[in-house]
Structure formats: C-alpha cells, structure tokens
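Note that the numbering used here has the sequence shown beginning at 34, numbered continuously upward. One structure is given here, and the rest of the page talks about it.
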Amino acid sequence: MIAPPLYLLANRNAWLASLEAPAAQENWEDFRRAMRAESGAEGPVGPVQRKVPKSVEPPLRVWLRDYLPLAIIAWGVLGGTLGGFLGMMVVGASASRGATKRPPEGD
C-alpha cells in the first residue's frame, strides 16, 4: 500500500527534470500540431472530431507538479477502503465457516 506513493515521491524530481527538457516540450507541441491538423480531416466514416489539448505543458508534467498530493491521498482512501472491505469479507467468511462446523445445540 505504501510502495507506489514512495516510488512516485522518489522519482518525481527526475521525471519533472526530464519533462522540462526542450525535447519533451517540442514533442508535446508536435502532438498538439498533429491534433490540430487532424481535426476536421476526413476519415473512413466522415470527418474526425479531435479535441486539441489546451494546455501548453504535457499533462504528466502538470500532474506531477500540481496534483501528486491529491493522487497520494486518493490512493490511500481508495486502497484503504478496498482493503477494509476485503478484510471484512475474510472475517465474515471465516466466521460463517466456523458456525457451520458446530454441532447442533440440544443433543
């Protein structure tokens, strides 16, 4: 449960540094240009409707810079909920299993 957030935090600075490189920004701009060019182009069944990303930065860079704490909190809440539910299922299954092995009372 703790390994993915630790991995993200340990590698965050290196990933941000690689995404700040001019080559990464150029790749993002190339992608945006390609999306702009393909928008409205004729496809096999009609015009292709592509939505051109409005962000001038790559989405991963924005996510790592601005939303990482929120992602870690969401990971903890959702993972904790799933783990709690799974734990209740295991306890419930083991309790009902033990109840069927008891001899009937009154004999």
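The beta carbon of each residue, even a glycine, is placed where N, CA and C say it ideally should be. Everything numeric in this text was worked out from a predicted model, so none of it was measured.
message = Could you check whether the Cβ of Ile-35 sits closer than 8 Å to any heavy atom belonging to the ligand NAD?
response = Absent from the structure shown: the ligand NAD. Ligands present: none.
message = Since Leu-101 and Arg-45 should fall inside the 8 Å C-beta cutoff, what is the C-beta to C-beta distance between them, to a whole number of angstroms?
response = What you label residue 101 is simply residue 68 of the sequence shown in a count that begins at 1. What you label residue 45 is simply residue 12 of the sequence shown in a count that begins at 1. Correct: roughly 6 Å between the Cβ atoms.
query = In this structure, does DSSP put Pro-92 in helix, strand or coil?
reply = Here residue 92 corresponds to residue number 59 of the sequence shown, with the count starting at 1. Looking at Pro-92 - three-state DSSP - the assignment turns out to be helix.
ask   = Among residues of its own chain, excluding the 5 on either side of Pro-38, which ones have a beta-carbon nearer than 8 Å to its beta-carbon?
value = Here residue 38 is taken as the residue at index 5 of the sequence shown, counted from 1. Result list for Pro-38: Ile-105, Trp-108 and Gly-109, in chain order.
Best match in Arg-69, Gln-58 and Val-85 for proximity to Leu-93 [C-alpha to C-alpha] = If you number the sequence shown from 1, residue 93 lands on position 60. Residue nearest to Leu-93 within the set Arg-69, Gln-58 and Val-85 is Gln-58 (criterion: CA-CA distance).
query = With DSSP run on the structure shown, which of helix, strand or coil describes Pro-55?
reply = In the sequence shown, the residue the question calls residue 55 occupies position 22. Pro-55: helix per DSSP, three-state reduction.
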